[in-house]
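Top line first, the protein sequences correspond to chains A and B. Quick note on numbering: the first sequence equals residues 68 to 334 in the numbering used here. Quick note on numbering: the second sequence equals residues 211 to 566 in the numbering used here.
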Amino acid sequence: MLQGKNIHFCISERPIIGEVNIMVAPGELTAIIGPNGAGKSTLFKLLSGDLTCNRGEVSYNGKPLAGFKSNQLAKVRAVMPQHSEVSFPFSSWEIVALGMINDPAAISDRDIQAVMEKLQVWHLRAQAYNMLSGGEKQRVQLARVLVQVWKKQAFPRFILLDEPVSSMDVALQHLVLDFMNELKQRNIGILMVLHDLSLVANYADQVIMMKHGEVMANGHVSEVFTNQNLESLYGYPIHVEKHHEGLGLLVHSLPIHHINQRINKAL
Amino acid sequence: MNVMQADIFLTKRKVQHLVLSGLSLVLMALLLLSLSIGAFHISMNEVLAILLGKLGFGTYEGSGAASQVLLSIRMPRVLMGIIIGGGLGLAGAALQGLFRNPLVEPGLIGVSTGGAFFAVVFIVFGAKVLSMTPLLSLIGLPLFAFCGGLMVTLIVYRIASHTGKTDVSVLILSGVAINALMGALIGLVLFYADDAALRNFTFWSLGDLGGSSWMKLLTASVLMIPASGMVIRLYPQLNAMALGEREAFHMGVNIQYVKYVLFLSAAMIVGTAVSLSGTIGFVGLVVPHLIRLGFGADHRLVLPGSFLLGAILLSAADLMARNIVRPAELPIGIITALLGAPFFIYLIVNLKKIKL
């Protein structure tokens, strides 16, 4: 269990995170959504250990963050930040293999290959990472993160992904999120900051809605993914519907000029 | 077993071993060549015979002069070139990895001049203030230079780095500023120096391996070899830090520990090198680049490779310095700068290409 209890964080007296309680269970995909500046990335950094909260406590499997050494923490959680630049001409394969530096015996070369094939980056293995496109870089980084927690363990592990599919095309986004389902069965909990609401609606188990540094709503996607919640979260009309074939959810929003037309008609 | 998979991992390891063995062989050959060629020519056969004789494998006595020149003058000098060149190459690679920037070089960011300033202070004032034992005068100079190098490394890092990222322009500017400041302070100290110290300084400031002795070589080895070992051992951590300090922390690296070890070791290596042979520029910049351009960025190869190639380049430069205007000598710093400065300009012009 990844748990944040009464987390509070402020930068020079200005609160960024008010008073947040969250839980991420192993075997579940938890998505954080919310408008820009809601404190999603700050919360993400507090949970990953990059930042230390002013008040409150973050704990992994019941043990507070402060009790972990960096190498112990790396066995329990892996992190994919939004952007990572590499300063030297490393190959894609070398970047992915970095995921095992904490515990080189934990994963075989064959497993690394399997992960890279699954994310469709194996054919890029010899290419310089810096030459790749945005979507390819994200998949290489994701492969690195997965390599870090790939070995099955008795204790739950967690991966924290900050907008991991933002530069990928639709087909790859589905490929990656579908792969997450496989990870859940390895006793891994997934926490993801995501902007694409239809992906959240169809892949997430739990949703945390953040606004102004507070959790506005929190619960299973079927409970909290309502028109009202989403509209008050973003301040924009958003519609959630069941797909006409009964499978999955459709989330859509109309452009402003359509909404204006509708208002004009009504007047 | 999948052929492709075996391919990528094993080939990489094999290439790394091959490159390191190749560089070692070149260095050995250059060592023998350097021992043989010089103002006083000693034939290769004679060199080998004297060395073997000294090691107890032969009976050759050698002409007294040849043996004398080889063992008390040339040998310590050539070995000093190897250890200082290697140290500078390695320190350059380590600092570039730490700053995550290919333009970092001990001379460029002011570490060398910082060390030089402290060394000059020690030379000019130290002897007067302290009535020193021979040991202290031998070790005190490099230790003082180490403090100066460390101080400047920390200052530059503080100025140029923000949350684990280094701003290139700020880095270069702070390097320029610190070099200017340290240069001025050195000038100020020299104002109080006597003529002999001044003459010494002029030659020393351009880099010079001429004064090498077995005692100085021993000092260099004691201070630089353990520091070099510490740096080379940190190759997985430096690889992780190429992704960013935050990412390295996520992967389990103890960032603070790695930084402290690298700061201390690099300052120790550069400080010792500066105090013993003056500021020899560009080795730390050029060498890690050549390794990366040729064989990739993996620090498992870059660190020891930079040590070997640095040793090769400086030995070769010293060989040229000793022989171009025989029997006089050129300061070695002139040769490394003549080769290094154009390369540095090439780097700046092609920065985008190099980073890829």
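Positions of the beta carbon are idealized from the N, C-alpha and C atoms, including for glycine.
Residues near residue i in its chain [Cβ-Cβ closer than 6 Å; skip 5 each side]
i, result
"residue 553 (chain B)", "496"
"residue 98 (chain A)", "259, 261, 267, 271, 274"
"residue 290 (chain B)", "419, 422, 427"
"residue 437 (chain B)", "475, 478, 479"
"residue 508 (chain B)", "none"
"residue 215 (chain A)", "145, 166"
"residue 463 (chain B)", "447, 450"
Residue i classed as buried or exposed, judged by whether at least 16 other C-beta atoms fall within 10 angstroms
i, result
"residue 428 (chain B)", "exposed"
"residue 236 (chain A)", "exposed"
"residue 275 (chain B)", "exposed"
"residue 282 (chain B)", "exposed"
"residue 504 (chain B)", "exposed"
"residue 445 (chain B)", "buried"
"residue 213 (chain B)", "With a pLDDT of only 44 at residue 213 (chain B), under 50, the local geometry of the prediction cannot be trusted, and the value read off the model is given with reservation. Exposed, because fewer than 16 other Cβ atoms sit within 10 Å of the Cβ of residue 213 (chain B)."
"residue 211 (chain B)", "Because the pLDDT of residue 211 (chain B) is 38, which lies under 50, any placement of that residue in the model is unreliable, and the question is left without a value."
"residue 401 (chain B)", "exposed"
"residue 425 (chain B)", "exposed"
"residue 338 (chain A)", "Not covered by the structure: residue 338 (chain A). The range shown for chain A is 68 to 334."
"residue 371 (chain B)", "buried"
"residue 532 (chain B)", "buried"
"residue 180 (chain A)", "buried"
"residue 127 (chain A)", "buried"
"residue 566 (chain B)", "Only weak support exists for where residue 566 (chain B) lies, its pLDDT of 45 falling under 50; the value from the coordinates is given anyway. So residue 566 (chain B) counts as exposed."
"residue 328 (chain A)", "exposed"
Beta carbon proximity, residue i to chain B, threshold 7 Å
i, result
"residue 135 (chain A)", "no"
"residue 151 (chain A)", "yes"
"residue 175 (chain A)", "no"
"residue 108 (chain A)", "no"
"residue 146 (chain A)", "yes"
"residue 141 (chain A)", "yes"
Proximal residues of chain B, C-beta to C-beta of residue i below 7 Å
i, result
"residue 166 (chain A)", "461"
"residue 215 (chain A)", "461"
Contact list for residue i against chain A, beta-carbon separation under 8 Å
i, result
"residue 450 (chain B)", "165, 168"
"residue 186 (chain B)", "Residue numbering for chain B in the displayed model covers 211 to 566; residue 186 (chain B) lies beyond these limits and cannot be assessed."
"residue 464 (chain B)", "136, 137, 138"
Interface flag, residue i vs chain A, CB-CB below 7 Å
i, result
"residue 456 (chain B)", "yes"
"residue 223 (chain B)", "no"
"residue 510 (chain B)", "no"
"residue 398 (chain B)", "no"
"residue 391 (chain B)", "no"
"residue 305 (chain B)", "no"
"residue 453 (chain B)", "yes"
"residue 409 (chain B)", "no"
"residue 287 (chain B)", "no"
"residue 284 (chain B)", "no"
Heavy atom of the ligand FMN within 6 Å of residue i beta-carbon
i, result
"residue 143 (chain A)", "Looking for the ligand FMN in the displayed structure turns up nothing, as the structure carries no ligands at all."
Chain B residues whose Cβ lies nearer than 8 Å to that of residue i
i, result
"residue 115 (chain A)", "460"
Neighbour list for residue i in chain A, Cβ cutoff strictly below 7 Å
i, result
"residue 299 (chain B)", "Simply none; closest approach about 16 Å."
"residue 444 (chain B)", "Near residue 444 (chain B) there are no residues of chain A at all, since even the closest Cβ is about 11 Å away, more than 7 Å."
"residue 502 (chain B)", "155, 156"
Proximal residues to residue i (C-beta, below 7 Å), its chain only, five neighbours per side dropped
i, result
"residue 106 (chain A)", "83, 84, 277, 280"
"residue 349 (chain B)", "429"
"residue 361 (chain B)", "324"
"residue 293 (chain A)", "307"
"residue 224 (chain B)", "none"
"residue 354 (chain A)", "Residue 354 (chain A) is absent from the model: chain A starts at 68 and stops at 334."
"residue 72 (chain A)", "88, 123, 124"
"residue 516 (chain B)", "299, 300, 302, 303, 497, 498, 501"
"residue 514 (chain B)", "230, 442"
Cut-off 8 Å between Cβ atoms - residues of its own chain near residue i, not counting five sequence neighbours on either side
i, result
"residue 239 (chain A)", "187, 202, 206, 232"
"residue 246 (chain A)", "185, 186"
"residue 326 (chain B)", "355, 358, 392, 396, 415, 484, 488, 489"
"residue 255 (chain A)", "93, 94, 216, 223, 224, 225, 226"
Residues that residue i contacts on chain A, provided the C-beta gap is smaller than 9 Å
i, result
"residue 311 (chain B)", "154"
- Whole runs of the alpha helix (DSSP H) within the segment 218-257 of chain A, excluding any shorter than 4 residues: With a minimum length of 4 residues, the unbroken runs of alpha helix (DSSP H) contained wholly in the segment 218-257 of chain A fall at 237-251.
- Item | Length-filtered (4 minimum) alpha helix (DSSP H) runs lying within the segment 109-188 of chain A | Qualifying alpha helix (DSSP H) stretches, in chain order: 137-143, 159-164, 176-185.
- Complete runs of the alpha helix (DSSP H) confined to the segment 265-295 of chain B [at least 4 residues]: With a minimum length of 4 residues, the continuous alpha helix (DSSP H) runs that stay inside the segment 265-295 of chain B are 274-278.
- Message: Which complete alpha helix (DSSP H) runs does the segment 388-449 of chain B hold, if anything under 4 residues is left out?
- Response: Complete alpha helix (DSSP H) runs here, min 4: 405-415, 424-443.
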